[in-house]
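S.K.: All residue numbers for the sequence shown refer to our numbering, where the first residue is 35 and numbers rise by one. Ideal Cβ positions, reconstructed from N, Cα and C, are used throughout, including at glycine. Structure provided below as structure tokens; questions to follow.
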Amino acid sequence: MADSLAILKKSGLAIAILAAGKGTRMRSKLPKVLHKLSGLTLVENVIASTKLVNPTRKLAIVGYEAQQVKTALAAMTDLEFVEQTEQLGTGHAVQQVIPALEGFEGNLLVLNGDVPLLRPETIENMLKTHRKNNNAATILTAQMDDPTGYGRVFCDENLTVQEIIEHRDCTPEQRENRRINAGIYCFNWSALMEILPHLKADNDQSEYYLTDVIKDLSPVMAMDAPPSEIAGINNRKQLSEAEDVMQARIKDELLLSGVTLINAASITIDSMVTVEPDVIIEPQTNLRGTSVIKAGCQIGPGSLVENSLIGENSKVVHSVVSDSEIEAGGRIGPFAHIRGKSEIGENCRIGNFVEVKKSKIGAGSNAAHLSYLGDAELGAQVNVGAGTVTANYDGHNKHKSVLGDRAKTGANTTLVAPITIGADVTIAAGSTLTRDVDPDCLAVTRVPQKTYPGWRPKYLRAENEEDKPKN
Ligand code: UD1
Ligand code: CA
């Protein structure tokens, strides 16, 4: 088994993602490839574009803030990191994978870490073309209205490529060429190995250009892709434009799958979000991370849902839900904040300035007004009165509040945790509870009311009014 795995790793398809650059033009401390596009880092978007071609090896070339990039991608356990300690150019970057691919036979797909809009189908087609024509290299190209900044690809009418010349190294005449290099290449690894180790840095930037291998390889074929897919991100303006492209794609797909978006331009949806058919997303709503919105929900207007599950037929209006689960039939908001791995059971109502943190709320329970439930565990059909607050923090530790089924807290109840309130308990309004309450009890902690008549001062009284009322 281990042997066959080793053989598999030495053949087929390897991918190498160039992610070592700083991205100076982003004007950022964050490495360029870690900037986000629709919720995923640029480099994660690039890796996602290879999902149809089943690579046997995945290598990322890291350099600038390498540790930060590695940490950000740690969840991808099949990704191998290769360090390029000095960023001497894209050719130099690919040279760094040579030791890791010792003895490898097959194709190497090279992807720029800053070209995040490629569709998986485009990569799949490129590979098909490459294999069918037995090419030494196949490069992804596009015909751009404005090719400024990109390397220009020179080829004949059969798309056989002679060379690639960087924008800065082009003559004015060569700059007229609108066919640009997308920075995505498929190489026959053994053909590339004949050339790659011998690159020279004789260009305007004194860098080792990967594009220089092309003139020494044959046959090399260009494959045109839609310009919108190959846009490279070098600055934040391009990042913002790419975000628009990605959002349009995500929304188009959802709309056609049966999701209603009201004022789509005001809505943002991350690429990992799942929205089932017959969901209505109202204006000014943002769905982020790995959120799942089940059928029949109405989300928004004005809501933020992050890494959360919203069960069937729920409503989330003007609210924030993070890292939590709402079961079916939830009525959330307006102005609720549910966070910290909270679990809200079926048919609950949480709204009107209620914060729920790291709490479990049983089915059919309501917390409808002005409450804080932190580290709480509520049974079914609990009614949380307006202004109920769990005092869960003693300044050092957090403590739990437990309320049994059908318990009712009066308005302005304070529950000093740790505390357990039994089933069917009623707590009188204004009570501050510090001790557990057995099931089926009424709990009251209240200073008896005193009433003092004749409270107004003498000078406010009428002439004929008695000086002091008798008690
Ligand atoms: C590159 C291509 C250009 C193409 C464009 C497409 C070269 C010489 N030029 O130019 O033909 O049109 O992409 O977007 O290849 N990187 C490293 N190590 C380095 C240098 C770069 O890992 O030493 C990485 C960067 O992090 C980036 C990618 O390689 O992800 C591309 O580098 P960048 O400097 O942006 O190349 P471009 O000038 O855009
Ligand atoms: Ca670039």
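#1: I'd like to confirm something about Asp-148: is its beta-carbon nearer than 7 angstroms to some heavy atom of ligand 2, or not?
#2: If you draw a straight line from the C-alpha of Leu-142 to the C-alpha of Ile-301, how long is it?
#3: Do three or more CB pairs link the segment 244-253 to the segment 223-231 at distances below 8 angstroms?
#4: What residue range does the beta strand (DSSP E) around Val-355 cover?
#5: Quick test of your reading: Ser-353 and Ser-337, contact by CB under 8 angstroms. State the CB separation rounded to the nearest angstrom.
#6: Since Asp-409 and Ser-435 should fall inside the 8 angstroms C-beta cutoff, what is the C-beta to C-beta distance between them, to a whole number of angstroms?
#7: Mind checking whether Gly-264 and Ala-176 have CB atoms under 8 angstroms apart?
#8: According to DSSP, is Tyr-493 helix, strand or coil?
#9: Which residue comes first and which comes last in the alpha helix (DSSP H) that contains Asp-278?
#10: Just to check my reading of the structure: Phe-221 and Val-149 have Cβ atoms closer than 8 angstroms, yes? What is that Cβ distance to the nearest angstrom?
#11: Less than 8 angstroms between the beta carbons of Gly-57 and Pro-65, yes or no?
#12: Taking the continuous beta strand (DSSP E) assigned at Lys-162, which residues delimit it?
#13: According to DSSP, Tyr-427 sits in a beta bridge with which residue or residues?
#14: Report the option in Thr-468, Asp-472, Thr-447 and Thr-448 whose CA atom is closest to the CA atom of Val-459.
#15: Quick one: grab the DSSP three-state call for Ile-264.
#16: Less than 8 angstroms between the CB atoms is what I'm expecting for Ala-451 and Asn-417, so what's the real figure, rounded?
#17: Mind checking who Asp-148 pairs with in its DSSP beta bridge?
#18: What do you reckon, is the C-beta of Gln-272 under 7 angstroms from a heavy atom of ligand 1?
#19: Residues in the same chain with beta-carbon distance under 6 angstroms from Leu-32, minus the five sequence neighbours each way, listed in chain order, please.
#20: Here's the rule: buried if 16 or more other CB atoms are within 10 angstroms of the residue's CB, otherwise exposed. What is His-430?
#21: Taking the beta carbon of Asp-112 as the centre, do at least 16 other beta carbons fall within 10 Å, making it buried, or is it exposed?
#22: Less than 7 angstroms between the CB of Gln-118 and some heavy atom of ligand 1, yes or no?
M.R.: Answer, in terms of the structure:
#1: yes
#2: 39 angstroms
#3: yes
#4: 354-356
#5: 5 angstroms
#6: 7 angstroms
#7: Per the sequence presented here, residue 264 reads as Ile, with Gly not at that position. Yes, these two residues count as a Cβ contact at 8 angstroms.
#8: helix
#9: 270-290
#10: The Cβ separation is near 17 angstroms, so there is no contact.
#11: yes
#12: Taken as a continuous stretch (DSSP letters only), Lys-162 belongs to no beta strand (DSSP E), being part of the alpha helix (DSSP H) at 154-166.
#13: Lys-432
#14: Asp-472
#15: helix
#16: Not a contact, Cβ separation roughly 19 angstroms.
#17: In the DSSP output, where bridge partners are listed per residue, Asp-148 has none listed.
#18: no
#19: Absent from the structure is residue 32, since the part of the chain shown begins at 35 and ends at 505.
#20: exposed
#21: exposed
#22: yes
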